[in-house]
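Encoded as structure tokens, the structure appears first; notes follow it.
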Amino acid sequence: MIEILNPTELARARETGALVGGFLRTLRDRATVGTNLLDIDRWTRDLIADAGAQSCYVDYAPSFGRGPFGHYVCTAVNDAVLHGRPYDYTLADGDLLTLDLAVSLDGIAADSAVSFVVGDPGPEAAESHALIEATERALAAGIAAAGPGARIGDLSHAIGSVLGAAGYPINTEFGGHGIGSTMHQDPHVSNTGRPGRGYRLRPGLLLALEPWVMTDTDELVVDADGWTLRSATGCRTAHSEHTIAVTDDGAEILTLPR
Numbered sequence: 006m007i008e009i010l011n012p013t014e015l016a017r018a019r020e021t022g023a024l025v026g027g028f029l030r031t032l033r034d035r036a037t038v039g040t041n042l043l044d045i046d047r048w049t050r051d052l053i054a055d056a057g058a059q060s061c062y063v064d065y066a067p068s069f070g071r072g073p074f075g076h077y078v079c080t081a082v083n084d085a086v087l088h089g090r091p092y093d094y095t096l097a098d099g100d101l102l103t104l105d106l107a108v109s110l111d112g113i114a115a116d117s118a119v120s121f122v123v124g125d126p127g128p129e130a131a132e133s134h135a136l137i138e139a140t141e142r143a144l145a146a147g148i149a150a151a152g153p154g155a156r157i158g159d160l161s162h163a164i165g166s167v168l169g170a171a172g173y174p175i176n177t178e179f180g181g182h183g184i185g186s187t188m189h190q191d192p193h194v195s196n197t198g199r200p201g202r203g204y205r206l207r208p209g210l211l212l213a214l215e216p217w218v219m220t221d222t223d224e225l226v227v228d229a230d231g232w233t234l235r236s237a238t239g240c241r242t243a244h245s246e247h248t249i250a251v252t253d254d255g256a257e258i259l260t261l262p263r
């Protein structure tokens, strides 16, 4: 299903996006050395409840997961990159943490992710910051390529060109996606691709773009929890994501905090 939002729905999408962006900023500020991942999950639950919003994750049960996710935010540490299921782990100096959050408010969802280093970055500082910076630049390139008349392949090509130039292997199993009244919709937005191919973008379309990379592999392994995806080699990872709306003259980032 591909949804095209009308102006009233787009206004609601802006509210949801700002909420998600604000939540991630709050969680990032609170996530310090000594913080437990389960505390981050509880904070997220409370933020969502206090805003009168709904979690897109807690009851999420797609074919690739093992039963309902059962938590409110994805917390991926170091070699984990996607669908990081919170567990009893205390953050330490130099941990590379990714928070990925999707929330629905008034019937419209928004999805965003941020990666950052906790505490003293330590000996892996250069590698961690290079990973994060590459995903952020790739995200910016994908957003810049979006606009009415552009094709999905144009966005994928822009994202993949940045990641590839930085020297990172690119996995195409998981990528960006359409979003609207539900969290995951068509079209799929691969993190690499050929320009001029795929669905043609229209004003009112919402997309969650999410470049992610692993230092030295494009292969994933699944944790025993049935959800958390890690690099097959144990290398570090990073993930950046924004929900955008295609407008009459470009794209608007919805998941920036106000």
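So for the sequence shown, my numbering puts the first residue at 6; every next one is plus one.
The beta-carbon is built from N, C-alpha and C at its ideal position, and this holds for glycine as well.
All values reported here derive from a predicted model rather than from experimental measurement.
Report task. Starting from Thr242, follow its DSSP beta bridges and name the residues at the other end. Result -> The residue you call residue 242 lines up with position 237 of the sequence shown. Met219.
Query raised in the report: Touching or not, the segment 237-249 and the segment 65-78, by the rule of three or more beta carbon pairs under 8 Å?
Result: no
Query raised in the report: Skipping 5 residues on each side, what residues in its chain have a beta carbon closer than 8 Å to that of Tyr173?
Result: The residue labelled residue 173 in the question sits at position 168 within the sequence shown. Leu136, Ala139, Val218, Met219 and Thr220.
Query raised in the report: Between Arg263 and the ligand FAD, is the CB less than 7 Å from at least one heavy atom?
Result: You won't find the ligand FAD in this model; it holds no ligand whatsoever.
Report task. For the segment 239-248 and the segment 80-95, state whether three or more C-beta atom pairs, one from each stretch, are separated by less than 8 Å. Result -> yes
Query raised in the report: Which first and last residues belong to the beta strand (DSSP E) in which Arg235 is found?
Result: By 1-based counting over the sequence shown, the position of residue 235 is 230. Leu234 to Ser236 is the span of the beta strand (DSSP E), which, as asked, contains Arg235.
Query - Ala130 - containing beta strand (DSSP E), residue span - result: As a first step, residue 130 must be located in the sequence shown, where it is residue number 125. Looking at the DSSP string, Ala130 is not in any beta strand (DSSP E); the run it does join, the alpha helix (DSSP H), is Ala130 to Ala150.
Query - Option nearest Ala107 by Cα separation, candidates Asp116, Glu246, Thr95 and Asp100 - result: Counting from 1 along the sequence shown, the entry for residue 107 is found at position 102. That would be Asp116, whose Cα lies nearest to the Cα of Ala107.
Requested in this report: Go ahead and label Asp46 buried or exposed: buried means 16 or more other beta carbons lie within 10 angstroms of its beta carbon, across all protein chains shown.
Outcome: Position 41 of the sequence shown holds residue 46. Buried, since its Cβ has 16 or more Cβ neighbours within 10 Å.
Query raised in the report: Buried or exposed: which applies to Met6, given that a residue is buried once 16 or more other Cβ atoms fall within 10 Å of its Cβ?
Result: For this step, residue 6 is matched to residue 1 along the sequence shown. With fewer than 16 Cβ atoms within 10 Å of its Cβ, Met6 is classed as exposed.
Query raised in the report: With distances taken between CB atoms, is the gap from Val123 to Ala66 smaller than 8 Å?
Result: One-based indexing of the sequence shown puts residue 123 at position 118. One-based indexing of the sequence shown puts residue 66 at position 61. Cβ atoms of Val123 and Ala66: not closer than 8 Å.
Query raised in the report: How many angstroms separate the CA atom of Pro126 from the CA atom of Pro12?
Result: Numbered from 1 along the sequence shown, position 121 holds the residue referred to as residue 126. Numbered from 1 along the sequence shown, position 7 holds the residue referred to as residue 12. Pro126 and Pro12: Cα-Cα distance of roughly 44 Å.
**Report entry** Length of the line joining the Cα atoms of Ala250 and Arg199
**Finding:** Position 245 of the sequence shown, counting from 1, holds the residue named residue 250. Position 194 of the sequence shown, counting from 1, holds the residue named residue 199. Approximately 22 Å between the Cα atoms of the pair.
Query raised in the report: Quick one: what's got a C-beta closer than 6 Å to Leu101's C-beta in the same chain, skipping five residues either side?
Result: Your numbering for residue 101 matches position 96 in the sequence shown. Around Leu101: Asn83, Val122, Ser133 and Arg241.
Query raised in the report: What residue range is occupied by the uninterrupted alpha helix (DSSP H) comprising Ser161?
Result: On the sequence shown, position 156 is the one that residue 161 refers to. Start and end: Ile157 to Ala170.
Report task. Check Leu261 in the structure and name its three-state DSSP category. Result -> The residue labelled residue 261 in the question sits at position 256 within the sequence shown. Note: Leu261 maps to coil in three-state DSSP.
Query raised in the report: Between which two residues does the alpha helix (DSSP H) containing Thr49 stretch?
Result: As a first step, residue 49 is located in the sequence shown; it is residue number 44 there, counting from the start. Looking at the DSSP string, the run of the alpha helix (DSSP H) that includes Thr49 is Leu42 to Asp55.
Query raised in the report: What do you reckon, are the CB atoms on Asp191 and Gly180 nearer than 8 Å?
Result: Working through the sequence shown from its first residue, we reach residue 191 at position 186. Working through the sequence shown from its first residue, we reach residue 180 at position 175. Taking 8 Å as the Cβ cut-off, Asp191 and Gly180 do not qualify as a contacting pair.
Report task. Measuring alpha carbon to alpha carbon, tell me which of Gly112, Glu178 and Ala155 ends up nearest Ser186. Result -> Counted from its first residue, the sequence shown places residue 186 at position 181. The shortest Cα separation from Ser186 among Gly112, Glu178 and Ala155 belongs to Gly112.
**Report entry** Coil, strand or helix - Arg19 by DSSP
**Finding:** Numbered from 1 along the sequence shown, position 14 holds the residue referred to as residue 19. Reduced to three states, the DSSP call for Arg19 is helix.
Report task. For Leu214, name the three-state secondary structure that DSSP assigns. Result -> Locating residue 214 in the sequence shown gives position 209, where the first residue counts as 1. Reduced to three states, the DSSP call for Leu214 is strand.
Query - Residues that Arg205 bridges to, as DSSP identifies them - result: Locating residue 205 in the sequence shown gives position 200, where the first residue counts as 1. Its beta-bridge partners are Arg156.
Query - Check whether Gly158 and Gly99 have beta carbons under 8 Å apart - result: On the sequence shown, position 153 is the one that residue 158 refers to. On the sequence shown, position 94 is the one that residue 99 refers to. Not a contact, by the Cβ cut-off of 8 Å.
Query - Residue environment, Asp105, which counts as buried when at least 16 other CB atoms sit within 10 Å - result: As a first step, residue 105 must be located in the sequence shown, where it is residue number 100. Classification of Asp105: buried, given that the 10 Å Cβ count is 16 or more.
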